[in-house]
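A.B. asks: Under my numbering, read the sequence shown as residues 61 to 183, first letter to last.
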Amino acid sequence: MKKIHNYNYYLFVEKLKAIEKEKVVTFVTIVQYLFIVNFTLFIMLFFASIKQLVLPILVFCLVTFFGLRFYNRKNYNGKYTEIEADWNSEDEKRKSFYKITIWTLVLLGFVLMVINSKAFPEN
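Below, the structure is given as structure tokens:
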């Protein structure tokens, strides 16, 4: 899983070359955060009433975001060339697998957001 997160960072840096690497870390954090929070909300739809859990969800969201931000800044600081070397040493089949996995996780985060928004009451 760590390799997928590393390659996620690398691919976003490659796609967003005009943006500083530090800002890409923020983007990677937001993608990870959206996936985790939306997956958690999706699971909670089946087990508890959301209205009773607003404060714990808010605390969880804040702790998760800042925890991920701290971890990603520490993890990716100065490691771009190392991750790039790992990526270049992979064969094309593995690169394709990682790309598909990463983009699937990104899209799944947004799909879960749409599902979660339809599941909540309008009030």
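C-beta atoms are modelled at their ideal positions from N, C-alpha and C, and glycine is treated no differently.
Being a predicted model, the structure only gives us computed values, none of them experimental.
By a C-beta neighbour count over all protein chains shown, 10 Å radius and 16 as the cutoff for buried, is residue 137 buried or exposed?
C.D. replies: Here residue 137 is taken as the residue at index 77 of the sequence shown, counted from 1. When all chains shown are included, residue 137 counts as exposed.
A.B. asks: Three or more beta-carbon pairs under 8 Å between the region 159 to 169 and the region 85 to 97, yes or no?
C.D. replies: Cβ pair count under 8 Å is three or more, so yes.
A.B. asks: Which word fits residue 148, buried or exposed, when buried means at least 16 other C-beta atoms lie within 10 angstroms of its C-beta?
C.D. replies: As a working mapping, residue 148 is identified with position 88 in the sequence shown. It is exposed - the Cβ of residue 148 has fewer than 16 other Cβ atoms within 10 Å.
A.B. asks: For residue 159 versus residue 71, is the C-beta distance shorter than 8 Å?
C.D. replies: Here residue 159 corresponds to residue number 99 of the sequence shown, with the count starting at 1. Here residue 71 corresponds to residue number 11 of the sequence shown, with the count starting at 1. A contact, by the Cβ cut-off of 8 Å.
A.B. asks: Since I believe residue 176 is in contact with residue 120 (beta carbons under 8 Å), could you give me their beta-carbon distance rounded to a whole number of angstroms?
C.D. replies: The count along the sequence shown starts at 1 and reaches residue 120 at position 60. The count along the sequence shown starts at 1 and reaches residue 176 at position 116. 14 Å between Cβ atoms; not a contact.
A.B. asks: Classify residue 159 as helix, strand or coil using the three-state DSSP reduction.
C.D. replies: For this step, residue 159 is matched to residue 99 along the sequence shown. In this structure, residue 159 counts as helix in the three-state DSSP scheme.
A.B. asks: Between residue 94 and the ligand MN, is the CB less than 7 Å from at least one heavy atom?
C.D. replies: This structure simply doesn't include the ligand MN, nor any ligand for that matter.
A.B. asks: Classify residue 169 as helix, strand or coil using the three-state DSSP reduction.
C.D. replies: Within the sequence shown, numbered from 1, the residue matching residue 169 stands at position 109. Helix, per DSSP.
A.B. asks: Residue 148 lies in the alpha helix (DSSP H); which residues open and close that run?
C.D. replies: Taking the sequence shown and counting its residues from 1, one reaches residue 148 at position 88. Taken as a continuous stretch (DSSP letters only), the alpha helix (DSSP H) holding residue 148 covers 140 to 149.
A.B. asks: Does DSSP put residue 137 in a helix, a strand or coil?
C.D. replies: For the purposes of this step, residue 137 is taken as residue 77 along the sequence shown, with counting starting at 1. Three-state result, residue 137: coil.
A.B. asks: Within its chain, find whatever has a CB closer than 8 Å to the CB of residue 155; leave out the 5 residues flanking it on each side and keep chain order.
C.D. replies: Translated into positions along the sequence shown, residue 155 becomes position 95. Contacts found: 147.
A.B. asks: By Cβ distance below 6 Å, which residues in the same chain neighbour residue 129 in space, the five residues on each side in sequence not counted?
C.D. replies: Here residue 129 is taken as the residue at index 69 of the sequence shown, counted from 1. Excluding residues within five positions, the ones whose Cβ falls inside 6 Å are 89.
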